[in-house]
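Structure first, then comments.
Numbering (my numbering), first residue to last: 11 to 161.
Here it is, written out as C-alpha coordinates:
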(Lines of atoms letter the chains of each structure in order from A; the text may use other names.)
(Lines give C-alpha, C1' and ligand atoms only; values in the text may rest on other atoms or scores of the structure.)
Protein backbone atom coordinates (compact mmCIF):
# COMPACT_ATOMS: atom_id res chain seq x y z
CA UNK A 11 0.00 0.00 0.00
CA UNK A 12 1.45 3.41 -0.92
CA UNK A 13 2.40 5.83 1.82
CA UNK A 14 1.71 9.56 1.73
CA UNK A 15 4.09 11.99 3.43
CA UNK A 16 3.59 15.63 4.31
CA UNK A 17 5.60 18.31 6.04
CA UNK A 18 4.59 21.06 8.45
CA UNK A 19 7.37 23.60 8.06
CA UNK A 20 7.75 27.26 8.85
CA UNK A 21 7.39 29.86 11.58
CA UNK A 22 4.38 29.43 13.81
CA UNK A 23 2.50 28.10 16.77
CA UNK A 24 1.57 24.61 17.87
CA UNK A 25 -2.02 24.37 19.14
CA UNK A 26 -1.26 22.81 22.56
CA UNK A 27 1.39 25.42 23.35
CA UNK A 28 -0.97 28.28 22.55
CA UNK A 29 -4.14 27.01 24.27
CA UNK A 30 -3.24 28.10 27.85
CA UNK A 31 -3.14 31.75 26.68
CA UNK A 32 -6.64 31.75 25.21
CA UNK A 33 -9.65 33.63 26.53
CA UNK A 34 -12.73 31.38 26.53
CA UNK A 35 -15.21 34.17 25.83
CA UNK A 36 -13.16 35.59 22.94
CA UNK A 37 -12.74 32.12 21.51
CA UNK A 38 -16.49 31.47 21.76
CA UNK A 39 -17.21 34.59 19.70
CA UNK A 40 -14.86 33.32 17.01
CA UNK A 41 -16.37 29.83 16.99
CA UNK A 42 -19.96 31.02 16.69
CA UNK A 43 -20.65 33.67 14.07
CA UNK A 44 -24.30 33.89 15.16
CA UNK A 45 -24.43 35.14 18.76
CA UNK A 46 -27.95 33.76 19.42
CA UNK A 47 -26.96 30.24 18.40
CA UNK A 48 -23.83 30.51 20.52
CA UNK A 49 -25.75 31.68 23.56
CA UNK A 50 -28.22 28.81 23.29
CA UNK A 51 -25.59 26.13 22.77
CA UNK A 52 -23.23 27.42 25.41
CA UNK A 53 -25.83 28.00 28.11
CA UNK A 54 -26.69 24.29 27.90
CA UNK A 55 -23.26 23.88 29.53
CA UNK A 56 -23.68 26.83 31.98
CA UNK A 57 -20.85 28.45 30.02
CA UNK A 58 -20.91 31.80 31.82
CA UNK A 59 -20.29 30.15 35.20
CA UNK A 60 -17.25 28.14 34.04
CA UNK A 61 -13.65 29.11 34.68
CA UNK A 62 -11.67 30.36 31.69
CA UNK A 63 -9.77 27.07 31.38
CA UNK A 64 -13.03 25.11 31.51
CA UNK A 65 -14.52 27.35 28.80
CA UNK A 66 -11.56 26.78 26.49
CA UNK A 67 -11.65 23.04 27.19
CA UNK A 68 -15.39 22.86 26.48
CA UNK A 69 -15.01 24.77 23.21
CA UNK A 70 -12.12 22.56 22.13
CA UNK A 71 -13.96 19.34 23.05
CA UNK A 72 -17.45 20.16 21.84
CA UNK A 73 -17.17 22.72 19.07
CA UNK A 74 -13.65 22.81 17.65
CA UNK A 75 -12.12 19.32 17.82
CA UNK A 76 -15.23 17.23 17.36
CA UNK A 77 -16.19 19.03 14.18
CA UNK A 78 -12.59 18.91 12.92
CA UNK A 79 -12.59 22.68 13.23
CA UNK A 80 -9.13 22.78 14.75
CA UNK A 81 -7.87 25.89 16.49
CA UNK A 82 -5.26 26.78 13.81
CA UNK A 83 -7.97 26.57 11.13
CA UNK A 84 -10.11 28.94 13.17
CA UNK A 85 -7.23 31.38 13.62
CA UNK A 86 -6.29 31.13 9.95
CA UNK A 87 -9.62 32.79 9.13
CA UNK A 88 -8.32 35.90 10.91
CA UNK A 89 -5.33 36.04 8.55
CA UNK A 90 -6.68 38.72 6.22
CA UNK A 91 -3.47 38.73 4.18
CA UNK A 92 -3.87 35.00 3.45
CA UNK A 93 -0.24 34.29 4.40
CA UNK A 94 -0.71 31.64 7.07
CA UNK A 95 -1.77 28.04 6.82
CA UNK A 96 -3.13 25.46 9.25
CA UNK A 97 -1.68 21.98 9.16
CA UNK A 98 -1.38 18.74 11.12
CA UNK A 99 1.59 16.42 11.42
CA UNK A 100 -0.67 13.35 11.42
CA UNK A 101 0.13 12.60 15.06
CA UNK A 102 -2.27 15.07 16.64
CA UNK A 103 -0.13 18.20 16.56
CA UNK A 104 -1.84 21.14 14.84
CA UNK A 105 0.04 24.22 13.69
CA UNK A 106 -0.65 27.74 12.48
CA UNK A 107 2.28 28.46 10.18
CA UNK A 108 3.91 30.98 7.94
CA UNK A 109 5.47 28.48 5.52
CA UNK A 110 8.60 28.97 3.44
CA UNK A 111 7.85 30.45 0.03
CA UNK A 112 9.34 30.21 -3.40
CA UNK A 113 10.95 33.46 -4.57
CA UNK A 114 8.21 34.05 -7.18
CA UNK A 115 5.54 33.86 -4.45
CA UNK A 116 7.06 36.63 -2.37
CA UNK A 117 4.94 39.60 -3.39
CA UNK A 118 3.73 41.30 -0.24
CA UNK A 119 5.65 38.89 1.99
CA UNK A 120 7.69 39.61 5.09
CA UNK A 121 11.18 40.99 4.76
CA UNK A 122 12.53 39.05 7.76
CA UNK A 123 11.71 36.50 10.44
CA UNK A 124 10.84 39.16 13.02
CA UNK A 125 8.16 40.62 10.76
CA UNK A 126 6.60 37.16 10.28
CA UNK A 127 6.58 36.56 14.04
CA UNK A 128 4.99 39.96 14.67
CA UNK A 129 2.29 39.20 12.09
CA UNK A 130 1.44 35.84 13.68
CA UNK A 131 1.27 37.60 17.04
CA UNK A 132 -1.14 40.19 15.57
CA UNK A 133 -3.41 37.41 14.28
CA UNK A 134 -3.63 35.46 17.54
CA UNK A 135 -3.46 38.26 20.14
CA UNK A 136 -7.21 39.10 19.91
CA UNK A 137 -8.01 35.59 21.22
CA UNK A 138 -5.76 35.78 24.26
CA UNK A 139 -6.65 36.60 27.83
CA UNK A 140 -6.32 40.27 28.73
CA UNK A 141 -3.43 39.50 31.11
CA UNK A 142 -1.33 37.91 28.35
CA UNK A 143 1.51 40.18 27.28
CA UNK A 144 2.46 40.39 23.62
CA UNK A 145 5.95 39.13 24.50
CA UNK A 146 4.46 35.91 25.90
CA UNK A 147 3.02 35.11 22.48
CA UNK A 148 6.21 36.08 20.70
CA UNK A 149 8.14 33.80 23.08
CA UNK A 150 6.09 30.72 22.14
CA UNK A 151 6.24 31.27 18.38
CA UNK A 152 8.66 28.72 16.99
CA UNK A 153 10.83 30.03 14.15
CA UNK A 154 11.93 26.55 13.09
CA UNK A 155 9.00 24.13 12.93
CA UNK A 156 9.70 21.06 10.89
CA UNK A 157 7.39 18.08 11.43
CA UNK A 158 6.89 15.20 9.01
CA UNK A 159 3.80 13.01 8.92
CA UNK A 160 2.93 9.90 6.97
CA UNK A 161 -0.10 7.74 6.50
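C-beta atoms are modelled at their ideal positions from N, C-alpha and C, and glycine is treated no differently.
Beta-carbon proximity check, residue i vs residue j, cutoff 8 Å
i           : j           : result
residue 82  : residue 96  : yes
residue 146 : residue 60  : no
residue 93  : residue 137 : no
residue 41  : residue 150 : no
residue 123 : residue 143 : no
residue 19  : residue 110 : yes
Buried or exposed by the 16-neighbour rule on C-beta atoms within 10 Å, applied to residue i
i           : result
residue 108 : buried
residue 156 : exposed
residue 158 : exposed
residue 121 : exposed
Residue nearest to residue i in terms of C-alpha spacing, selected from the options
i           : options            : result
residue 91  : 57, 74, 66 and 126 : 126
residue 134 : 36, 17 and 18      : 36
Anticipated Cβ contact below 8 Å, residue i with residue j, distance rounded
i           : j           : result
residue 100 : residue 160 : 7 Å
Examine the Cβ distances between the region 20-34 and the region 124-135 and report whether three or more of them are shorter than 8 Å.
Judged by Cβ distances under 8 Å, the region 20-34 makes contact with the region 124-135, as three or more pairs qualify.
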